[in-house]
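Visitor: To start, I am sharing the structure in question, which I have written as structure tokens.
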Amino acid sequence: MGVRKENTMTKQTTLYAAYATKTHAALEALEADGVLPAGTSFANVTLEPPRDASHGDLATNAAMVLAKQAKTNPRALAEQITAKLEADPSITSAEIAGPGFINLRLDPSAWLAELSAIAASGADYGRSDTGKGTRVNVEYVSANPTGPMHMGHCRGAVVGDALASLLEFGGHEVTREYYINDAGGQVDVLARSAHLRYREALGEDIGEIPEGLYPGDYLKPLGEHLASELGDRFKSASEEEWLAIFRAEAVTAMMELIKADLALLGIHHDVFSSEAALHAAGKPDEAEAWLREHDLVYDGVLEAPKGKAPPEDWEPVELPLFRSTKYGDDQDRPIKKSNGSWTYFGADLAYHMQKAENADALIDIWGADHAGTVKRIKAAVAALSAGQGQPIPFDVKLVQMVQLLRGGEPVKMSKRSGTFVTLADVVGEVGKDVVRFTMLTRKPEAQMEFDFAKVVEASKDNPVFYVQYAHARIRSTLRKAADAGLGPSDENLAQLGEEELALIKRAAQFPREVEAAAKAREPHRIAFYLYDLASELHAFWNLGNDSPQKRFILEQDAGLTGARLFLADAIGQVIRNGLGVLGVEAVESM
RNA sequence: GUCCCCGUAGCUCAGUUGGAUAGAGCGUCGGAUUCCUAAUCCGAAGGCCACAGGUUCGAAUCCUGUCGGGGACACCA
15 MGVRKENTMT
25 KQTTLYAAYA
35 TKTHAALEAL
45 EADGVLPAGT
55 SFANVTLEPP
65 RDASHGDLAT
75 NAAMVLAKQA
85 KTNPRALAEQ
95 ITAKLEADPS
105 ITSAEIAGPG
115 FINLRLDPSA
125 WLAELSAIAA
135 SGADYGRSDT
145 GKGTRVNVEY
155 VSANPTGPMH
165 MGHCRGAVVG
175 DALASLLEFG
185 GHEVTREYYI
195 NDAGGQVDVL
205 ARSAHLRYRE
215 ALGEDIGEIP
225 EGLYPGDYLK
235 PLGEHLASEL
245 GDRFKSASEE
255 EWLAIFRAEA
265 VTAMMELIKA
275 DLALLGIHHD
285 VFSSEAALHA
295 AGKPDEAEAW
305 LREHDLVYDG
315 VLEAPKGKAP
325 PEDWEPVELP
335 LFRSTKYGDD
345 QDRPIKKSNG
355 SWTYFGADLA
365 YHMQKAENAD
375 ALIDIWGADH
385 AGTVKRIKAA
395 VAALSAGQGQ
405 PIPFDVKLVQ
415 MVQLLRGGEP
425 VKMSKRSGTF
435 VTLADVVGEV
445 GKDVVRFTML
455 TRKPEAQMEF
465 DFAKVVEASK
475 DNPVFYVQYA
485 HARIRSTLRK
495 AADAGLGPSD
505 ENLAQLGEEE
515 LALIKRAAQF
525 PREVEAAAKA
535 REPHRIAFYL
545 YDLASELHAF
555 WNLGNDSPQK
565 RFILEQDAGL
575 TGARLFLADA
585 IGQVIRNGLG
595 VLGVEAVESM
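Just so you know, we're using this note's numbering here: the first sequence kicks off at 15 and counts up by one.
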């Protein structure tokens, strides 16, 4: 099967991409003229909006980057480049500045054309095809199925979900996956805890929940369900008789809880993979066989732990070890326990191979407390995937801890006593949009504080409302205009002035912002961009306070009103598209 | 002891992957509302980008080291 042809009719070329192409063409012309040596690399040439808008509309570093290859100084080369660029009628000026920047100013019509492009593309404005044909598997949340979601899971859940949406918007084929750890010892503990609640539901006085079992009340409904389902058959039966059944029932019930919690945040996974099923399919054995064949797994003795407090019961045991030291880990890591069962790591490497079967790239979102295991899993996946053909790109995104505060005081959380803050509580208290946006207004690898009191009480100062308000303002203006028989029109766009152009320029950055964020896999950039766009909108709006002729709706001038409403509509569209990526509601009114 | 992340305004954080004079919000001070939503806007003050070297046309950004904060170092998950 051949490569699918691009359909150039439907492909949106954004303004930035178009001028990057023009810049490139100018450089190629210089190469043909012999100013630049044949085969010059343009890889580091960028075309971006300058930090300071007074410098112009676009800036390129081409002269500085290429001066060395051209064996000349940047400013001299810049002269040659500007001469080529100024031949383009849509470029009104090309000025050399500072060490050799070339600042371009565009004819307003170029920006107005972009405004029309926003209207024409609608919900697809900003969507890109850079990820076309790439299948990306994003695994996130993957909380143990032992209870409801708590706040510790929240950040990774939101970041993973927004990243998945962002990649989708960037043209990738995305699978959202959840790995259910239903094979470990903690599930036995869960089953025992469920059995206790089952006996309780049958009328037995179970007293205090013993140390080592899950004490939470959330297991009571499960106990009642099991009692009505199974009767008293297992009330005094031995553990071997009921453990498997109770495990399965409990995991199912816990996953229902978790899915319901995730739904509160608007999160839905495509695939739920079971660790137990992975074992049943013999995947870890396959992986082990291959690794042994290639001398990446051997039987060896584990070194004593190096932490501050060496465990008292530590003794040397021979275990199958993966050579992760070969990849920079400080110790080789066991893939099986001394009792012959698989370690988490042993199963996990097989699980990643399973994911790789249907993906071109893998991304895991993990909590920072798992940072120590990144090296071994990356090493194992690199070795295994290379052995089975192509090494698969595999990225682990670490999400740092969230410190929960209430009025500046740390919120105490203890699983033991069941006093942890649940995700459902938080969403119930502050709302989905606030939780999501707050989690996305800082980069995930930095620690963050989440102060309950602040987010709730000072909700007016919360950035999410600032952005939503901008959208609501636009929508309300359009409604009001419609009542007066006025609507958006692109017939008089040429009447728009400098302030409106500034707004358009900001909006026009959305596509490149999406591409950059998708490439860097950093959804938080979209949140900050939207804040800037909203800020620009609010600023323009307030011009109307001092100068009534700057308002959107001018009853005496239907032509200009139509153009401004067209602008407002487009800005609203961009905000909607951006909020859509973040999974935050674009409200009609506030 | 080893590994990972972070250190930018009083506080909370951005900083377009190496670009031009360092950016917001909160807080402080001073202003704007007979007006399409003031949940908004405008202005002022506030900086040794933790510190020291290095890389180059150019460093908050990359490299090395030091200091400080957080996390991880069991066959748990």
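In this text, a Cβ means the ideal position worked out from N, Cα and C, and glycines have one as well.
Every value quoted in this text rests on a predicted model; they were computed, and no experiment measured them.
When the Cα atoms are used, what is the spatial distance from Ala-577 to Ala-131?
Guide: For the purposes of this step, residue 577 is taken as the residue at position 563 of the first sequence. For the purposes of this step, residue 131 is taken as the residue at position 117 of the first sequence. Straight-line Cα distance between these residues: approximately 14 Å.
Visitor: Please classify Asp-299 as buried or exposed, where buried requires at least 16 other C-beta atoms within 10 Å of its C-beta.
Guide: Taking the first residue of the first sequence as 1, we reach residue 299 at position 285. Classification for Asp-299: exposed.
Visitor: Quick check on this structure: which residue in Gln-404, Ala-258, Leu-419, Met-165 has the alpha carbon closest to the alpha carbon of Ala-197?
Guide: For the purposes of this step, residue 197 is taken as residue 183 along the first sequence, with counting starting at 1. The residue with the shortest Cα to Cα distance from Ala-197 is Ala-258.
Visitor: May I ask you to verify whether the stretch 375-386 touches the stretch 407-415, counting CB pairs closer than 8 Å and requiring at least 3?
Guide: Touching, per the Cβ criterion.
Visitor: If we ignore side chains and look at the alpha-carbon of each, how far apart do Ser-549 and Leu-454 end up?
Guide: Looking up residue 549 in the first sequence gives position 535. Looking up residue 454 in the first sequence gives position 440. When rounded, the distance between both Cα atoms is 18 Å.
Visitor: At the level of alpha carbons, what is the spacing between Thr-28 and Val-449?
Guide: As a working note, residue 28 is residue 14 in the first sequence. As a working note, residue 449 is residue 435 in the first sequence. So the two alpha carbons sit approximately 32 Å from each other.
Visitor: Between the Cα of Phe-56 and those of Tyr-228, Asp-66, Asn-75, spot the shortest distance and give me the residue it belongs to.
Guide: Along the first sequence, one-based indexing puts residue 56 at 42. With distances taken between Cα atoms, Phe-56 lies closest to Asn-75.
Visitor: Exposed or buried, what is Trp-356 when buried is set at 16 or more other beta-carbons lying within 10 Å of its beta-carbon?
Guide: Counting from 1 along the first sequence, the entry for residue 356 is found at position 342. Buried.
Visitor: Alpha carbon to alpha carbon, how far is Glu-459 from Arg-520?
Guide: Residue numbering aside, residue 459 sits at position 445 when the first sequence is read from its first letter. Residue numbering aside, residue 520 sits at position 506 when the first sequence is read from its first letter. Taking the straight line from one Cα to the other gives about 27 Å.
Visitor: Where Asp-583 and Val-49 are concerned, what is the direct C-alpha to C-alpha distance, given to the nearest angstrom?
Guide: For this step, residue 583 is matched to residue 569 along the first sequence. For this step, residue 49 is matched to residue 35 along the first sequence. Cα-Cα distance, rounded: 46 Å.
Visitor: Per the DSSP calculation, Leu-61 is bridged to which residue(s)?
Guide: The residue given as residue 61 occupies position 47 in the first sequence. For Leu-61, which the question treats as bridged, DSSP gives the partners Thr-74.
Visitor: Using three-state DSSP, classify Glu-602 as helix, strand or coil.
Guide: In the first sequence, counting from the first residue as 1, residue 602 sits at position 588. Looking at Glu-602 - three-state DSSP - the assignment turns out to be coil, as it is neither helix nor strand.
Visitor: Using a threshold of 8 Å, state whether the C-beta atoms of Ser-603 and Arg-489 are closer than that.
Guide: The residue you call residue 603 lines up with position 589 of the first sequence. The residue you call residue 489 lines up with position 475 of the first sequence. Cβ distance < 8 Å, so Ser-603 and Arg-489 count as in contact.
Visitor: According to DSSP, is Arg-535 part of a helix, a strand, or is it coil?
Guide: Mapped onto the first sequence, residue 535 falls at position 521. Arg-535 falls in the coil class under three-state DSSP.
Visitor: Distance, Cα to Cα, Val-601 vs Ile-589?
Guide: Counting from one through the first sequence, the residue named residue 601 turns up at place 587. Counting from one through the first sequence, the residue named residue 589 turns up at place 575. Distance between the alpha carbons of Val-601 and Ile-589: 11 Å.
Visitor: Looking at His-167 and Val-155, is the spacing between their C-beta atoms short of 8 Å?
Guide: Counting from one through the first sequence, the residue named residue 155 turns up at place 141. Counting from one through the first sequence, the residue named residue 167 turns up at place 153. Cβ atoms of Val-155 and His-167: closer than 8 Å.
Visitor: Between Ile-105 and Gln-509, what straight-line distance do the alpha-carbon atoms span, to the nearest angstrom?
Guide: Residue numbering aside, residue 105 sits at position 91 when the first sequence is read from its first letter. Residue numbering aside, residue 509 sits at position 495 when the first sequence is read from its first letter. Cα-Cα distance, rounded: 20 Å.
Visitor: Output yes or no for whether 8 Å exceeds the beta carbon distance between Lys-234 and Arg-213.
Guide: The residue you call residue 234 lines up with position 220 of the first sequence. The residue you call residue 213 lines up with position 199 of the first sequence. No, the pair does not count as a contact, with Cβ atoms beyond the cut-off.
Visitor: Using beta-carbon positions only, say whether Asp-346 and Glu-332 come within less than 8 Å of one another.
Guide: Position 332 of the first sequence holds residue 346. Position 318 of the first sequence holds residue 332. No, the Cβ-Cβ distance between Asp-346 and Glu-332 is not below 8 Å.
Visitor: Going by beta-carbon coordinates alone, are Phe-359 and Arg-390 separated by less than 8 Å?
Guide: Indexing the first sequence from 1 puts residue 359 at position 345. Indexing the first sequence from 1 puts residue 390 at position 376. A contact, by the Cβ cut-off of 8 Å.
Visitor: Between the Cα of Lys-446 and those of Leu-547, Leu-507, Val-172, spot the shortest distance and give me the residue it belongs to.
Guide: Here the question's residue 446 lines up with position 432 in the first sequence. Of the candidates Leu-547, Leu-507, Val-172, the one whose C-alpha sits nearest the C-alpha of Lys-446 is Val-172.
Visitor: Taking the beta strand (DSSP E) that Gln-417 falls in, what are its first and last residues?
Guide: For the purposes of this step, residue 417 is taken as the residue at position 403 of the first sequence. Unbroken beta strand (DSSP E) run through Gln-417: 416-420.
Visitor: In angstroms, rounded to a whole number, what distance separates the CA positions of Ile-540 and Gln-587?
Guide: Translated into the one-based positions of the first sequence, residue 540 becomes position 526. Translated into the one-based positions of the first sequence, residue 587 becomes position 573. Those two C-alpha atoms are separated by around 14 Å.
Visitor: Helix, strand or coil: how does DSSP classify Asn-559 here?
Guide: For this step, residue 559 is matched to residue 545 along the first sequence. Here Asn-559 sits in helix by DSSP.
Visitor: Only counting the same chain, and skipping five residues up and downstream in sequence, which positions put a Cβ closer than 6 Å to that of Leu-305?
Guide: Residue 305 sits at position 291 when you count from the first residue of the first sequence. Answer for Leu-305: Val-311, listed in chain order.
Visitor: Relative to the alpha-carbon of Leu-271, which residue among Ala-101, Ala-81, Ala-438 has its alpha-carbon at the smallest distance?
Guide: Locating residue 271 in the first sequence gives position 257, where the first residue counts as 1. Nearest option by C-alpha distance: Ala-438.
Visitor: Short check: CB of Ala-133 to CB of Phe-554, under 8 Å?
Guide: On the first sequence, position 119 is the one that residue 133 refers to. On the first sequence, position 540 is the one that residue 554 refers to. No, Cβ-Cβ distance for Ala-133 and Phe-554 is not below 8 Å.
Visitor: Nearest by alpha-carbon distance to Phe-479: which of Gln-461, Phe-524, Phe-451, Phe-466 is it?
Guide: Here residue 479 refers to the residue found at position 465 of the first sequence. Phe-479 has its Cα closest to that of Phe-451, out of Gln-461, Phe-524, Phe-451, Phe-466.
Visitor: Buried or exposed: Leu-118, going by 16 or more other Cβ atoms within 10 Å of its Cβ?
Guide: Residue numbering aside, residue 118 sits at position 104 when the first sequence is read from its first letter. The residue in question, Leu-118, is buried, as its Cβ has 16 or more Cβ neighbours within 10 Å.
Visitor: Per DSSP, what kind of secondary structure is Leu-310 in: helix, strand or coil?
Guide: To locate residue 310, count along the first sequence from 1; it is residue 296. Leu-310: coil per DSSP, three-state reduction.
Visitor: Identify, in the order they occur along the chain, each residue of the same chain with its Cβ nearer than 7 Å to the Cβ of Ala-274, setting aside the five sequence neighbours on each side.
Guide: Counting from 1 along the first sequence, the entry for residue 274 is found at position 260. Correct list: empty, nothing qualifies.
Visitor: Below 6 Å CB to CB, which residues in the same chain sit around Leu-238 once its five sequence neighbours on both sides are set aside?
Guide: On the first sequence, position 224 is the one that residue 238 refers to. Inspection of the sequence shows that residue 238 is occupied by Glu rather than by Leu. These residues qualify, in order along the chain: Ala-215.
Visitor: Does the distance from the CB of Ala-77 to the CB of Gly-114 come in under 8 Å?
Guide: Looking up residue 77 in the first sequence gives position 63. Looking up residue 114 in the first sequence gives position 100. A contact, by the Cβ cut-off of 8 Å.
Visitor: Less than 8 Å between the beta carbons of Asp-475 and Arg-420, yes or no?
Guide: For this step, residue 475 is matched to residue 461 along the first sequence. For this step, residue 420 is matched to residue 406 along the first sequence. Not a contact, by the Cβ cut-off of 8 Å.
Visitor: For Glu-253, which residues in the same chain have their Cβ closer than 7 Å to its Cβ, ignoring the five residues on either side in sequence?
Guide: Here residue 253 corresponds to residue number 239 of the first sequence, with the count starting at 1. Excluding residues within five positions, none has a Cβ falling inside 7 Å.
Visitor: Mapping DSSP to helix, strand and coil, what is Asp-447?
Guide: Residue mapping note: residue 447 aligns to position 433 of the first sequence, counting from 1. Residue state, collapsed to three classes: helix.
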